[in-house]
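There are 2 protein chains.
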Amino acid sequence: MDAAIEVLAREGARGLTFRSVDVEAAVPPGTASNYFASRDDLLTRAGSRVYERLQPDDATMARHRTSAPDRHTYVVLMRELIARIGAFRTGHLALLELRLEATRRPELRAVLTGRVRADIDANANVAYHLASGLPGDATAVRLLYLAFNWIVVEQLTLPDVFSEAERDALVAAAVERIVTP
Amino acid sequence: MDAAIEVLAREGARGLTFRSVDVEAAVPPGTASNYFASRDDLLTRAGSRVYERLQPDDATMARHRTSAPDRHTYVVLMRELIARIGAFRTGHLALLELRLEATRRPELRAVLTGRVRADIDANANVAYHLASGLPGDATAVRLLYLAFNWIVVEQLTLPDVFSEAERDALVAAAVERIVTP
Chain A
463 MDAAIEVLAR
473 EGARGLTFRS
483 VDVEAAVPPG
493 TASNYFASRD
503 DLLTRAGSRV
513 YERLQPDDAT
523 MARHRTSAPD
533 RHTYVVLMRE
543 LIARIGAFRT
553 GHLALLELRL
563 EATRRPELRA
573 VLTGRVRADI
583 DANANVAYHL
593 ASGLPGDATA
603 VRLLYLAFNW
613 IVVEQLTLPD
623 VFSEAERDAL
633 VAAAVERIVT
643 P
Chain B
463 MDAAIEVLAR
473 EGARGLTFRS
483 VDVEAAVPPG
493 TASNYFASRD
503 DLLTRAGSRV
513 YERLQPDDAT
523 MARHRTSAPD
533 RHTYVVLMRE
543 LIARIGAFRT
553 GHLALLELRL
563 EATRRPELRA
573 VLTGRVRADI
583 DANANVAYHL
593 ASGLPGDATA
603 VRLLYLAFNW
613 IVVEQLTLPD
623 VFSEAERDAL
633 VAAAVERIVT
643 P
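Sequence order for the protein chains is A and B.
Residues 463 to 643 in this note's numbering are what the first sequence lists, from first letter to last.
Residues 463 to 643 in this note's numbering are what the second sequence lists, from first letter to last.
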């Protein structure tokens, strides 16, 4: 699955074949076709694997649960999230390739839709938890999700549109305005 | 160029060849290779063509210039923008394919970066104009750009993540919170 992520990021969904995964993983020809039932299976499991690798670890989660519920914490959380994404560039490029491939494959679209909704709901739960006393309502969580997803796309695909300082300022401004008292 | 947009949206950047453009445009084999100097040329001009087709017409621009400078106008503008994008689905899918291809092609990346920055600046100008009296500052324009770009990605690639009513509510909430008094 990790090899499939690298192939997706580098060559796009159309470049992803059992054979290309075998080569990337440096395993004997025919190995990938033994582990994945179909190309749809390969695509959807590569997508799940990206989400799995993007989960914060238990120590990070514990730290978040004990952070002060204020806007500053939000900004820190969001910058960490964006840094985690930047550190797994191929994973996010693979997800974008999968989204585009989903316009052509209903089964992949259904799997990704379920995954994204679960992710938004999980974020909402974290925010609600953090938000004892903080106005981190569901609308704020969704608006931040929208804005930050595009910051990530911009950073991954056209990194010179915004400088790093501009991105940092946009993250802070987004929290300042969207997470209203 | 229009044929190239359709091929990009349907088959991705890797499916875009002179030959596939000839077939899509129903012109004799060899025609595309007479009109485009290289594959980079074909990719970048297809991208420019999408932006050209997304421009609002003169009547729409004139109407915007005479609209009342309030938040309601912003919401109307943004819903129109999103509708214009939905009406040119293949153009936006083609732009996403081009962004991903730009991670592999520095020349394409440079062209797209210039184009996107110009677009953000143009939006800022429109907003400044509208904003005589309105707090449509450059930060607001950028934050709306981020949020709306991702709404469009979601709508085009995983249309069931948010319902149409949810998308409408998110547009209104984004303006309400981001365009602060």
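From the three backbone atoms N, C-alpha and C, an ideal C-beta is built for every residue, glycine too.
What you are looking at is a predicted structure, and each value in this text was computed from that prediction instead of being measured.
Contact with chain A by residue i, beta-carbon distance below 9 Å
i: B:Leu632; result: yes
i: B:Asp644; result: An answer regarding residue 644 of chain B cannot be provided, because it is not within the stretch 463 to 643 covered by chain B.
i: B:Ile544; result: no
i: B:Thr479; result: no
i: B:Arg567; result: no
i: B:Tyr607; result: yes
i: B:Leu574; result: yes
i: B:Met463; result: no
i: B:Glu626; result: no
i: B:Glu473; result: yes
9 Å Cβ cutoff, residue i in contact with chain B
i: A:Leu596; result: Bear in mind that the predicted position of A:Leu596 carries a pLDDT of just 49, short of 50, making it too unreliable to give a figure here.
i: A:Tyr536; result: no
i: A:Ala530; result: no
i: A:Leu558; result: yes
i: A:Ile467; result: no
i: A:Gly553; result: no
i: A:Arg561; result: yes
i: A:Ala636; result: yes
i: A:Thr506; result: no
i: A:Thr522; result: no
i: A:Ile582; result: yes
i: A:Ile547; result: no
i: A:Phe610; result: yes
i: A:Glu486; result: no
Where residue i falls, given that 16 or more other Cβ within 10 Å makes a residue buried
i: A:Asn496; result: exposed
i: A:His534; result: exposed
i: A:Arg481; result: exposed
i: A:Gln517; result: exposed
i: B:Glu514; result: exposed
i: B:Gly509; result: buried
i: B:Thr565; result: buried
i: A:Ala580; result: exposed
i: A:Glu616; result: buried
i: A:Ala627; result: exposed
i: A:Ala494; result: buried
i: A:Ala521; result: exposed
i: B:Ala636; result: buried
i: B:Ala549; result: exposed
i: B:Ala530; result: exposed
i: A:Ala545; result: exposed
Inter-residue CB distance, residue i and residue j (contact presumed, cutoff 8 Å)
i: A:Ile504; j: A:Ala475; result: It is Leu, not Ile, that sits at residue 504 of chain A in the sequence shown. Not quite, the Cβ-Cβ distance comes to about 10 Å (not below 8 Å), so this is no contact.
i: A:Arg507; j: A:Asp464; result: 11 Å between Cβ atoms; not a contact.
i: B:Leu562; j: A:Leu558; result: 6 Å
i: A:Ile547; j: A:Val485; result: Actually they are not in contact, since the Cβ atoms of A:Ile547 and A:Val485 sit about 27 Å apart, beyond 8 Å.
i: A:Tyr607; j: A:Ile640; result: Contact flag wrong, Cβ pair sits at about 10 Å.
i: B:Thr634; j: B:Val537; result: A quick correction: the sequence has Ala, not Thr, at residue 634 of chain B. Confirmed, Cβ separation roughly 5 Å.
i: A:Val483; j: A:Ala466; result: 5 Å
i: B:Phe624; j: B:Met540; result: The Cβ separation is near 15 Å, so there is no contact.
i: A:Asp502; j: A:Leu570; result: 6 Å
Residue i: CB within 8 Å of a non-hydrogen atom of the ligand HEM
i: B:Thr493; result: Ligands are entirely absent from the displayed structure, and the ligand HEM is therefore not among its contents.
Contact list for residue i against chain E, beta-carbon separation under 8 Å
i: A:Ala564; result: No chain E is part of this structure, whose protein chains are labelled A and B.
The stretch 600-613 of chain B / the stretch 549-563 of chain A touching (three or more Cβ pairs under 8 Å): The stretch 600-613 of chain B is not in contact with the stretch 549-563 of chain A.
Touching by the beta-carbon criterion (3+ pairs, under 8 Å), the stretch 471-487 of chain A and the stretch 516-531 of chain A: no
Validate contact between the stretch 571-584 of chain A and the stretch 618-627 of chain B using beta carbons, cut 8 Å, 3 pairs: yes
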